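For the sequence shown, position 223 matches number 233 in the numbering used here, and the numbering has no gaps at all. Note that beta-carbon positions come from the ideal geometry of N, C-alpha and C, so glycine has one too. Keep in mind the model is a prediction, meaning the values are calculated, not measured.
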Amino acid sequence: MGNSLFKLTSLNLNGIRSATSKGLEDWVAAQAPDCIGVQELKAQGADVAGRFEQLAGLQGYFHYAEKKGYSGVALYSRHEPSDVIVGLGEPEFDAEGRYVELRFDTLGQKRSLISCYFPSGSSSEERQQAKFRFLELIYPHLASLNAERDYVLCGDVNIAHREIDLKNWKGNLKNSGFLPEERAWMSKLLGEAGLVDVYRQLHPEEGEGGYTWWSNRGQARANNVGWRIDYQLASPALAEHARRASIYKQQWFSDHAPLTIEYDWTL
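Encoded structure:
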């Protein structure tokens, strides 16, 4: 394999217009990732046209929500995919712009990179039920995909898996994002379905340094009252080539921090 590592970043933008106004493009240019999976574009095709089709020279592939200023995901890639899959084929969630997959298939290998934005259930019981429906839908999809190809999913999963993954776990046992059912789903994905939480594989004991999201309320960021809810979830064959992970907090583009993992493989 080449001596340069494949650099993959995941970032919830909380709005691409907002994030770019805070210097995101210069950071991406300086970091020079091979691919960046972003969530919460909060933009439609018309907003992206002529402005955000590319990010620091990387070509974008998008899944927009129908509702304006809501959700939306993209992958910006240095490498041209052999195929692009937009959506999961389920109208409820495809209308919300939550899934885009780039395939890089050759005769010898099947490989995908995915950007996915899991629903948040914190605004209402109705949205929590939608989140549970999404988890039920995407689990068999990710499990069967893992059986037929290698992939890395970059995503805001909106679930902190274990007590180590959030500051105030005791106070959040009954809150969306740390509910027993959500955590059990995550355990099953990393157990039965065979996926690997790559950051956790590289940093098994890291607690507060691993957070990727902080509430805008109070002094959450200043006091590092955070959650680790952004993940790179990978097939074992790709996860074993992960060499280093970093969470960038020197400047802020969003209420999330970018998670970058470098892998010893090439597309």
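Does the beta-carbon distance from residue i to residue j come in below 8 angstroms?
i, j, result
"N156", "A203", "yes"
"Y273", "L18", "yes"
"Y86", "S122", "no"
"L269", "Y221", "no"
"R108", "H73", "yes"
"Q242", "S125", "no"
"W223", "D240", "yes"
"E218", "K259", "no"
"L200", "H151", "no"
DSSP three-state label for residue i, please.
i, result
"L163", "strand"
"Q64", "strand"
"H213", "coil"
"Q108", "It is Arg, not Gln, that sits at residue 108 in the sequence shown. Residue state, collapsed to three classes: coil."
"W37", "helix"
"Q231", "Just to set this straight, residue 231 is Arg in the shown sequence, not Gln. Of the three classes helix, strand and coil, the one that applies to R231 here is coil, per DSSP."
"L200", "helix"
"W195", "helix"
"G236", "strand"
"A84", "strand"
"I174", "helix"
Assuming residue i and residue j are in contact, meaning their beta carbons sit under 8 angstroms apart, how far apart are those beta carbons, in whole angstroms?
i, j, result
"V83", "L112", "Rounded, the Cβ-Cβ distance is 12 angstroms, inconsistent with contact."
"S154", "L205", "So it is not a contact: roughly 12 angstroms between Cβ atoms."
"D104", "F128", "Actually they do not touch by this definition, with Cβ atoms about 14 angstroms apart."
"S81", "E102", "S81 to E102, Cβ: 12 angstroms. No contact."
"G187", "A170", "6 angstroms"
"N233", "D265", "The pair is not a contact, with the Cβ atoms about 15 angstroms apart (cut-off 8 angstroms)."
Would you give the residue range spanned by the beta strand (DSSP E) that residue i belongs to?
i, result
"H73", "L68 to H73"
"G47", "C45 to Q49"
"K17", "F16 to N22"
"S125", "R121 to Y127"
"D240", "D240 to A244"
"I95", "D93 to V96"
Name, in chain order, the residues that DSSP records as bridge partners for residue i.
i, result
"A252", "Y273"
"W223", "W237 and H266"
Counting only beta-carbon atoms, is residue i nearer than 8 angstroms to chain B?
i, result
"L243", "Considering every chain present, this structure includes no chain B. It has just one protein chain."
If you follow the alpha helix (DSSP H) that residue i is part of, which residue opens it and which one closes it?
i, result
"I148", "E135 to E158"
"D57", "G55 to V58"
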